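Q: Below are the structure tokens for one structure; questions will follow.
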Amino acid sequence: GLQKFFSCRGIAIAVDYFWKRGHRKITVFVPQWRTRKDSNITEQHFLTELQDVGILALTPARVVCGARIASHDDRFLLHLAEKTGGVVVTNDNFREFVDESATWREIIQRRLLQYTFAGDIFMVPDDPLGRNGPGLHHFLQEETSFRARPTPYSFASGSHLPFL
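Under UniProt numbering, the first residue of the sequence shown carries the number 1, and numbering increases by one thereafter.
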């Protein structure tokens with residue numbers, strides 16, 4: 001959405017990228033209010049499709065007296081990565097969470113996969129941890145020397161994603 005609106009298509013394109021690579025343990029977190037009609041949200045049918053196949057998880061959110069109240073969705077990403085050994089796909093650096101726990105620090109340092117879009121093409125680096133780190137294929141493997149648990153993917157949906 002060129003950072004101007006929340007692009008449900010962008011989320012679907014990202015999910016499709018990992019699905020085509022053979023990954024099936026994918027979770028997309030979206031605040032519940034994102035499912036409501038809004039002029040800044042496009043192509044919501046993609047969210048419905050992701051929800052129908054069990055990939056979409058809605059984080060708690062509500063509107064009280066006209067004010068939107070939403071849980072911090074980044075915490076859900078980190079909790080799931082902690083429980084499953086998964087990778088978090090986001091462009092957020094999670095600076096505010098680095099000192100919350102040693103486990104979250106490890107996730108932030110070693111299991112964040114950043115990305116970009118070139119039009120409708122979802123792209124991730126071949127070297128997600130830098131030129132001295134593992135290549136993308138190794139980084140995403142379920143069993144690795146630096147991450148020895150199953151690998152579901154969590155996608156953030158807060159304002160830190162470029163296609164929102």
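From the three backbone atoms N, C-alpha and C, an ideal C-beta is built for every residue, glycine too. Being a predicted model, the structure only gives us computed values, none of them experimental.
Keeping to the same chain, check which residues put their C-beta closer than 7 Å to that of L56; ignore five residues upstream and five downstream.
A: Once the five neighbours on either side are set aside, the close Cβ partners of L56 are V28, V30, L47, L50.
Q: Let me know the secondary structure DSSP gives H160 once reduced to three states.
A: Confidence in H160 is poor, its pLDDT being 30 and thus under 50, which makes the residue's placement too unreliable to answer from.
Q: Roughly how many whole angstroms lie between the Cα atoms of D126 and I69?
A: So the two alpha carbons sit approximately 38 Å from each other.
Q: Confirm, please, whether the CB-CB distance from V89 to L113 is below 9 Å.
A: For L113 and V89, yes; Cβs fall inside 9 Å.
Q: Under 8 Å Cβ to Cβ from G133, same chain only, skipping five residues before and after it: list those, please.
A: So the list reads D127, F139, once near-sequence residues are dropped.
Q: Report the three-state DSSP secondary structure of L80 (helix, strand or coil).
A: Helix, per DSSP.
Q: For G135, tell me which candidate among F6, G119, R110 has the shortest Cα-Cα distance.
A: Of F6, G119, R110, the residue nearest in Cα terms is R110.
Q: Quick check: I26 and W33, are their CB atoms within less than 9 Å of each other?
A: Against a cut-off of 9 Å, the Cβ pair of W33 and I26 comes out as no contact.
Q: Helix, strand or coil for I55, going by three-state DSSP, please let me know.
A: I55 falls in the coil class under three-state DSSP.
Q: R62 by DSSP, collapsed to three states: which one?
A: Note: R62 maps to strand in three-state DSSP.
Q: Which residues in the same chain as I13 place their Cβ atom closer than 7 Å to its Cβ, once the five residues preceding and following it in sequence are excluded?
A: Once the five neighbours on either side are set aside, the close Cβ partners of I13 are D120, F122.
Q: Could you check what DSSP says for L129 in three-state terms: helix, strand or coil?
A: Note: L129 maps to coil in three-state DSSP.
Q: Tell me which residue opens and which closes the beta strand (DSSP E) that R68 is part of.
A: Looking at the DSSP string, the run of the beta strand (DSSP E) that includes R68 is 67–70.
Q: What number of angstroms, rounded off, separates the C-alpha of T35 from the C-alpha of Q44?
A: Rounded to the nearest angstrom, the two C-alpha atoms are 7 Å apart.
Q: Of the choices K83, T103, I107, A102, whose alpha-carbon is the least far from that of D92?
A: Of the candidates K83, T103, I107, A102, the one whose C-alpha sits nearest the C-alpha of D92 is I107.
Q: Identify, in the order they occur along the chain, each residue of the same chain with its Cβ nearer than 6 Å to the Cβ of R24, setting aside the five sequence neighbours on each side.
A: Correct list: empty, nothing qualifies.
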